[in-house]
Every structure is written in structure tokens, then in C-alpha cells.
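Novice: Residues in the sequence shown are numbered consecutively from -8, following the working numbering.
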Amino acid sequence: MATKEKWRTKAARMREEARETGKVILRAPALVRTAECAIRFLLGALLSGAEIFGGYAPFGLGLVAASGSGIDGFCALVGACFGYLSFQGFAEGLRYAAACILAFSLAFAFFDVKAYRKSWFMPLAAAGMDGITGFVYLSDRGWSPESLIFFGTELLLCGASAYFYRVAFTPWTEKREEEALTPRQTVSLLILGGTLLLTLSRLTLLWGLSAGRLAAAVAVMAAAYAGGIGVGATVGVAAGLGMDLSAGGLPFYSMAYALSGVMAGVFHRQGRLAAAVAYVLSNALAVLWTWEDGLHIALLYEVFIASVVFMLLPQRALRQVGALVARQPRHETQERARAYVSTRLEATAAAFKNLYESMRGVFHTPRPNDNDAASVFDRTAQRVCKTCPLQTACWQRDYVSTFNALNDALPAMVERGKGEGGDFPAYFANRCLHFNDFLSAANEELSALLYRRQLQSRLRDNRAAVCRQYAELAGVLGEAAAELSAELVPDPVREKRLRQHLTAQGIECRLAAYYDQAGHLRIELEGAGLAPLRKPEAVDRLSKLMNFPLRPLDEARRDQLVLVQSEPLMAVAGAAAQKKDGQAVSGDTGAWFKHDDGSLYVLLCDGMGSGAPAQRESSLAVRLLEQFLRAGVRPENALRTLNSALALRNDEAAGGFTTIDLLRVDLFTGEAWVYKYGAAPTYVKKGAAVSRITGAALPAGLASGDGAAPDTTSLHLESGDCVLLVTDGVAGGEGDQWIRDKLAAFDGGSPRELAQAVLDTSTQQVGAAADDRTVLALKLTKRA
-8 MATKEKWRTK AARMREEARE TGKVILRAPA LVRTAECAIR FLLGALLSGA EIFGGYAPFG
52 LGLVAASGSG IDGFCALVGA CFGYLSFQGF AEGLRYAAAC ILAFSLAFAF FDVKAYRKSW
112 FMPLAAAGMD GITGFVYLSD RGWSPESLIF FGTELLLCGA SAYFYRVAFT PWTEKREEEA
172 LTPRQTVSLL ILGGTLLLTL SRLTLLWGLS AGRLAAAVAV MAAAYAGGIG VGATVGVAAG
232 LGMDLSAGGL PFYSMAYALS GVMAGVFHRQ GRLAAAVAYV LSNALAVLWT WEDGLHIALL
292 YEVFIASVVF MLLPQRALRQ VGALVARQPR HETQERARAY VSTRLEATAA AFKNLYESMR
352 GVFHTPRPND NDAASVFDRT AQRVCKTCPL QTACWQRDYV STFNALNDAL PAMVERGKGE
412 GGDFPAYFAN RCLHFNDFLS AANEELSALL YRRQLQSRLR DNRAAVCRQY AELAGVLGEA
472 AAELSAELVP DPVREKRLRQ HLTAQGIECR LAAYYDQAGH LRIELEGAGL APLRKPEAVD
532 RLSKLMNFPL RPLDEARRDQ LVLVQSEPLM AVAGAAAQKK DGQAVSGDTG AWFKHDDGSL
592 YVLLCDGMGS GAPAQRESSL AVRLLEQFLR AGVRPENALR TLNSALALRN DEAAGGFTTI
652 DLLRVDLFTG EAWVYKYGAA PTYVKKGAAV SRITGAALPA GLASGDGAAP DTTSLHLESG
712 DCVLLVTDGV AGGEGDQWIR DKLAAFDGGS PRELAQAVLD TSTQQVGAAA DDRTVLALKL
772 TKRA
């Protein structure tokens, strides 16, 4: 056995230390372990004295079963046997001691078996051992209905105590770092404390007062004062039930403690004294109600003494009780977390905005001018004229004529990109002793000037693009913060209706029904056994129950189901494509998808050129733009960000740009927007009329200035309307009237057939595929 080998190893280590040092050293873990074993021994001894129905004592056996097969179980076994023999006497105690030994032996024998680790194994084993020994003992006395009921209750309590004791010890045995207890652990600890009170109830003080009932009264008062009416009533019923089981009579203590707990909870906000007085008076009233059955005068004394003890309890102890019984609000933590994240996002957005404004100010600050064309001749003179014997004559005595000659030659040199001899006046060229050297040096300086201008222009554009990216990022973070801080509107009526429906179906889960920022219903379910709700017929039933059409979202988690309000409109799309003749792949890329908020996005990008390079650029644009849109970024921000990124990428190493055609349709309202970066016209059919949407913006990646925004057109679509997106290779340069005629003749059938028909007609009208051709057709219909 693993436990046996572990203790053998520890014993050998201690013997080795004793031989080397001459003494046995108990380290801190050993001292803690000794204290734990002592606690198990004491609990086993005390719980063995907890009797119900005047002689049944299953709780010590329950502790032995919960302690397992290790040293903890052995200490609990010794304590339980000692307690049973002490409290029950030899004959009755031997029965429970035998059951404890059998339960411990069973745990020791099955320690390495997988079933042993199940939560039901040891409770079932404890109840079985108690049943075996109890059957032998009780058979000698004869069976009666009363003894059968008491014996069956004992077996049930034996298994239940083994289960709850094991849960109560989990913070101790598993050594978790979390300080907060789970509700199940809290209830288990209360059960452990309540059964200990059964033993203490047998301990009498002066004038026949019970130590257990006195402690129970203090516990009920403290719980009611800290937790209010509900907690006071719950603890009062539990404590009273334990006292009634110990006394074996009518449920008097359950009534008295429950009533007193409720009244103390009513006055718990008025202070400790008010709660104590309410408890004492209500308890006295309960005693008076039992006038005919005999007054429980001792209870009045016990309650009075308990109230004094309660008044003397330190405030820190009452705060600990309050933390133990406090009910955690459902959504407070989530709301605080959302508020925290929203605040952080707002601060981050403000920081990026300030960074953008400061950088923008720096970029627009005038710098020392090193690009003045006149500096070309200044630099040339430094190189050629400073050793010339005519330097004084040219640059001092005849400075005006020299300046005029160079000034006349400069415009032609800058326009041409280089200077020639004919650009200079004859009097200057004939007088200059080193004219050829002067002209050569001037051309070199002019080339350097033009390179500097080009470099600085590109640097300004790149810096401005980075600056704009900061502004876009600040905007995106600000929108995310606003979305997080927006309050969601709950729907308690539908939530209650849904909870009742799921309870009737035998499905237990956490659920929430609320309306998102757009006012659309959203239902979130989390728990096990949600698979039946994913079926279409189950979704239809929930739609009728909620009086809203619902559809499930695709979730990766199997224990979560999200249902959102279904849109009144739906879209049917079709596509047709043809690559350029002689190319292996098409440079066009398209995609469409629906967002959770009910927005439909249709993307069509045409990479400049053809073949693999164009396909790489267009697919990159579609992929990045789709990620932005799926993440909830507004189309305007997503397009401007992508345009700036492509502009930064557009250099000799990875040059390339692409047209972007984006259609967004709100399937709830029919509102639509068309965004274009250099894309071909979009055609919209409403009824029998066909309109044409164009734009003037350059393709994405070519322009990155402040005005490089996409062309935006808004429109309203209804059921039966059609939208046609094409790349520029479809119409070619032959005009597009035939496309409008084709769309006008569309009878509302298959969008796929419409797209293919447009592509086939393009071949007839334009001829051979000199460019990639792609057609996306979209038709709106009402959802059934």
C-alpha cells in the first residue's frame, strides 16, 4: 500500500536522524500533522456520544468513514471506539466499534481501487457496515415498526454524515489556497457543528442546564444577527431538529429555535441588544405555548445565559460568522469586473488619444529647411569655387550677376532633374574657369536634394500613418469601453418563464435573459444537459415560449448555449468567378458572414495585378477586415486602419494594394451601407429600378493621408431587393449598361444563377478574360 510505504519511509528517516544526532527532531509539518491527528481523535470521541431517538449514535461511524484509510482514519477510529465504549457502554458500544473497524478495514483494503475515490463509496460502505452490525444486535430485541423506522433513519444519517463530513474537511485535506468556502462546504461545516452539539446536549451544568442547547442558542442568535431572517430561521430549524432528535420527543426545539431565529433576524439591523431581546422574548413565548405539556423552564435559563454570552462576543467573531453565512450576490462581481475593465479601456483610449495629439503636433511643427533648392549652389560653391582664383570676383564683386545666373538656371534643372550647360547664361558659363566641374557637382547636389525630399516625404507619410493608427486605436478602445459600460436590460418575466420550463424538462442550469445594446433579446444558458435544447424543435418551442424568434449561436463550449433573437430578414447569396487567362489563381477574394448583432457583411477585394501576388494582397485584406468586423469594430474604423496598414506595407519589399468593396446590411431594420476603396460600381435593384453606386477613393494602400477615408453610401433595403458586387474585370472598359439591364431582368430566382449569368455575359461583351472576374449576388427575403 502506498500509505504503508510512505510511513515506513518516514520512520526510517526518523531513525536515521536519531542515530546521527542522538535525538528526534519534530519539524513544523510533523507538529501540524500531530495536531490534525489529535483533532480527528477528539472529534471521533465526541461524535460517538451524539445520540438520536434515545440510543442510536451513527455520527462517530460517519467520521471514521469520512476520514479514510490513512493516519487520519486510524486516529478517528481510535477516538470513535473510545467514545462509543465510554458513552454507550460495552454492549452497545461494541456494536458501533465493530462497525467502525469494518469501515476502516474496507477503506484500507480498497484504497487503491478507483471506486474508492468516488464520493458515494465510503458513505455507502459506512451505512452498510452499520446495517450489518445493527441487524445482528437489533434482531435479538425483536423488530417493531418503530424500531424499523429508527433503524432506517440511522442508516440514512450514517451515510449522509460520512458524505458531509468529508466535504467539511476538504479545505483542510486538499490544502487549497482559496480563502472563501463554497456553499456546500459551509453547509457541511454547519452539519458537523450541529452534530457536535448533540453530544454537548448530554453534558449538563448547574441546575440541569444543557451545554449543547446553550451553545445552540448562542449560534442561532449570532447567525440571525449576522445573516438576517433567512439565515436565522435556517440555523434555528437545524439546531432545533438536532436537539429534538437527541431528546427523542416532539419537535419542540425546532419550533422554539426557528421562531427565535426569525425574530432575532427581524431586529438584526437595530443592533445586538435588540436582536438578543427579540430572541429571548420569542423563546419565552414558545415555552408558554407548551403549558399543557409541561413547561421547559430550563430552556428559559439557557436562553438568558446564551443572550449574555452573545452580548459579550467580540465584534470580530460576529464578522467571521457574517462572512460564513453571507449570500453572495449573483451579478455584483461581474458588474464590478465590467466596470473595472471599462474604466481601464477608457483610460487606455484617452492615453492613445493624447499620444496621437502630441505626435500630430510634433509632425506639423516646421523644421529647419534643408530642402531649399538654392542650397544646391551653396553646396556646389563650397566644393568647387573655394579654391578658384575668381572666387572673390564671382561671389563678392559680381555677386548680383552670379546670383541671377544661378537663379535663372535653377527651375529648368529642378524640372528636368539634372542641369545642362544651356541652362546657364553665356556670360556665366564663359567666365567660369571650372564650369564642367561646377555643373557636375551641381547635378550631384541636386540628386541628393531630390532623394532627401523623397525620403522625408515618405517619412512624413509613415509617421502620419502611425499617428492615425493611434487615433483609430483610441476610437476602437473608446467604443469597447462604451459597450462594456452600457447597462444591459434584464427581462425577469421571460427569465422566470424560461426557468419554469427548464425545471419541468428536468434541466438545471444557470440562465439569464436580457436585451443587448440594440434592444434584441439574448438568452444565455450554462450547465450540463443542454444538448436537447440545441435541437431545432426545442429552439422552436423556446421561441414560442419567449414570444420571439430565436436562433442558437455557434459556441465552442458544450456546457453553454446562447440563443439570440432571430432577424426578420434573411439573405441568399451566390457567387461566380473566373481567373485571368494564363493564371493559375485569381487575384479576387470574396467572403460573407453574419455577426451576432444581426449584421450581414459581404466583402469583395481585387488585388492589383493578377496571379499569386494579387491573390495574396486581396486575401490578406479580406482576412484582416473580417477579423476586425467579427471583433465588433465599426466598419469605418476597420477600413481606415486597414488602409493605413496596407500603405505602410506598400514598399519595394512587399508592395501591393487592393480595392475593397464592403456591404453591410442590418437584417433587423434593412438599413445598409456600402463602403468603397477604389472598387468597381455596386448595383442595387429595388422593385424594377436599378441604381448604381460608385466612389472616388483610391484603392486601399495607395493613399494614407488624413483624407484617405472610404466612400460611404447608405441605403434602405427590403424583402425582394437585390445587390450585385463585381470586380472591374467584369465590365472592362466597354460600359456597364448591360449589367444594369441584366439585373433589371432578374426575376428574383437564384442569386447563384444571376451571378453566373452576369459572368457569362461578361465573356460575350468584353471578350477573353484579360483580368480576374468575380460576381457576388445578394437577395433579401423575409424569414419564415
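Every residue gets a Cβ at the ideal spot worked out from N, C-alpha and C, and that includes glycine.
With 16 other CB atoms within 10 Å as the buried threshold, where does Asn785 fall?
Specialist: There is no way to answer for residue 785, as the model of the chain reaches only from -8 to 775.
Novice: If you run the structure through DSSP and keep just helix, strand and coil, what is Cys596?
Specialist: Strand, per DSSP.
Novice: Can you say whether Glu608 is buried or exposed, counting buried as having 16 or more other CB atoms within 10 angstroms of its CB?
Specialist: Its Cβ being crowded by 16 or more others within 10 Å, Glu608 is buried.
Novice: Kindly indicate the opening and closing residues of the beta strand (DSSP E) around Trp583.
Specialist: Residues 579 to 585.
Novice: Ordered along the chain, which non-local residues of its own chain (more than five positions away) have a Cβ less than 6 Å from that of Phe99?
Specialist: Ser60, listed in sequence order.
Novice: What residue from Gln756, Thr765, Phe429, Leu205 has the CA that sits closest to Ala746's CA?
Specialist: The shortest C-alpha separation from Ala746 is found at Thr765.
Novice: Ignoring anything shorter than 4 residues, give me the alpha helix (DSSP H) runs that lie fully in the segment 50 to 101, in order along the chain.
Specialist: Those alpha helix (DSSP H) runs which fall completely within the segment 50 to 101 and span 4+ residues are 50 to 58, 62 to 78, 80 to 100.
Novice: Please classify Asp762: does DSSP put it in a helix, a strand, or coil?
Specialist: Reduced to three states, the DSSP call for Asp762 is coil.
Novice: Is the number of C-beta pairs between the segment 538 to 550 and the segment 575 to 583 that are closer than 8 Å three or more?
Specialist: Segments in contact, no.
Novice: Once DSSP output is grouped into helix, strand and coil, what is the label at Cys713?
Specialist: Here Cys713 sits in strand by DSSP.
Novice: One question on the structure: do Leu769 and Val613 come within less than 9 Å of each other, judged by their Cβ atoms?
Specialist: Not in contact: Leu769 and Val613 (Cβ atoms no closer than 9 Å).
Novice: Would you mind reading off the limits of the beta strand (DSSP E) that contains Trp664?
Specialist: Here the beta strand (DSSP E) through Trp664 covers 662 to 668.
Novice: On the DSSP letters alone, give me the boundaries of the alpha helix (DSSP H) that His492 sits inside.
Specialist: 483 to 495 is the extent of the alpha helix (DSSP H) around His492.
Novice: Tell me whether the beta-carbon of Phe73 lies closer than 9 Å to the beta-carbon of Gly35.
Specialist: For Phe73 and Gly35, yes; Cβs fall inside 9 Å.
Novice: Three or more C-beta pairs closer than 8 Å, one from the segment 90 to 110 and one from the segment 128 to 138: is that the case here?
Specialist: The segment 90 to 110 is not in contact with the segment 128 to 138.
Novice: Mapping DSSP to helix, strand and coil, what is Ile498?
Specialist: If DSSP states are grouped into helix, strand and coil, Ile498 belongs with coil.
Novice: Considering Asp121, what are the terminal residues of the alpha helix (DSSP H) in which it resides?
Specialist: Note, Asp121: alpha helix (DSSP H), 112 to 130.
Novice: Output yes if chain B places a C-beta closer than 9 Å to the C-beta of Val178; else output no.
Specialist: The structure shown contains no chain B; it holds only a single protein chain.
Novice: Reducing DSSP to helix, strand and coil, say where Ser39 ends up.
Specialist: Ser39 falls in the coil class under three-state DSSP.
Novice: Using CA atoms only, rank isn't needed, just tell me which of Pro483, Leu489, Arg525 is closest to Tyr505.
Specialist: That would be Pro483, whose Cα lies nearest to the Cα of Tyr505.
Novice: Who are the near neighbours of Ala371 in its chain, counting only those whose CB is closer than 7 Å to its CB and skipping five residues on each side?
Specialist: The question names Ala, but residue 371 is Thr in the sequence shown. Answer for Thr371: Phe429, Ala432, Ala433, Glu436, listed in chain order.
Novice: Which residue comes first and which comes last in the alpha helix (DSSP H) that contains Asp732?
Specialist: Run containing Asp732: 728 to 735, per the alpha helix (DSSP H) assignment.
Novice: Output needed for Gly758: all residues of its chain with C-beta closer than 7 Å, excluding positions within five of it in sequence on either side, in chain order.
Specialist: Counting only Cβ-Cβ distances below 7 Å, and skipping sequence neighbours, we find nothing.
Novice: For Thr673, which residues in the same chain have their Cβ closer than 6 Å to its Cβ, ignoring the five residues on either side in sequence?
Specialist: Excluding residues within five positions, the ones whose Cβ falls inside 6 Å are Val665, Ile684, Leu716.
Novice: Among Tyr418, Thr393, Leu440, which residue has its Cα nearest to the Cα of Glu406?
Specialist: Of the listed residues, the one whose Cα sits closest to Glu406 is Leu440.
Novice: In three-state DSSP terms, what is Leu771?
Specialist: Strand.
Novice: Near Leu68, which residues of its chain fall below 6 Å by C-beta distance, leaving aside the five closest residues on each side in sequence?
Specialist: If we look at Leu68 and ignore the five residues flanking it on each side, its Cβ neighbours are Val55, Cys91, Phe95.
Novice: Count the other CB atoms, across all protein chains shown, that sit within 10 Å of the CB of Asp361; report buried if there are 16 or more and exposed otherwise.
Specialist: Caution applies to Asp361, whose pLDDT of 48 falls short of 50 and renders its modelled position unreliable; the model cannot decide the point.
Novice: If we ignore side chains and look at the alpha-carbon of each, how far apart do Gln176 and Val312 end up?
Specialist: Spanning the two alpha carbons is a distance of roughly 14 Å.
Novice: Taking 9 Å as the cut-off, decide whether the C-beta atoms of Gln606 and Asp587 are in contact.
Specialist: Result no, Cβ atoms of Gln606 and Asp587 do not sit closer than 9 Å.
Novice: In the DSSP assignment, the beta strand (DSSP E) including Ser152 goes from what residue to what residue?
Specialist: Looking at the DSSP string, Ser152 is not in any beta strand (DSSP E); the run it does join, the alpha helix (DSSP H), is 136 to 159.
Novice: What does the Cβ neighbour count give for His707, buried or exposed, with the cut at 16 atoms within 10 Å?
Specialist: Result: exposed.
Novice: Quick check: Val553 and Glu515, are their CB atoms within less than 9 Å of each other?
Specialist: Closer than 9 Å, so yes.
Novice: Pairs of beta-carbons, one from the segment 749 to 757 and one from the segment 725 to 740, closer than 8 Å: are there three or more?
Specialist: Yes: the two stretches touch, three or more of their Cβ pairs being nearer than 8 Å.
Novice: For the beta strand (DSSP E) containing Gln556, list its first residue and its last residue.
Specialist: Residues 551 to 556.
Novice: Mind checking which residues open and close the beta strand (DSSP E) that includes Leu533?
Specialist: First-last for Leu533: 527 to 537, but that is the alpha helix (DSSP H), not the beta strand (DSSP E).
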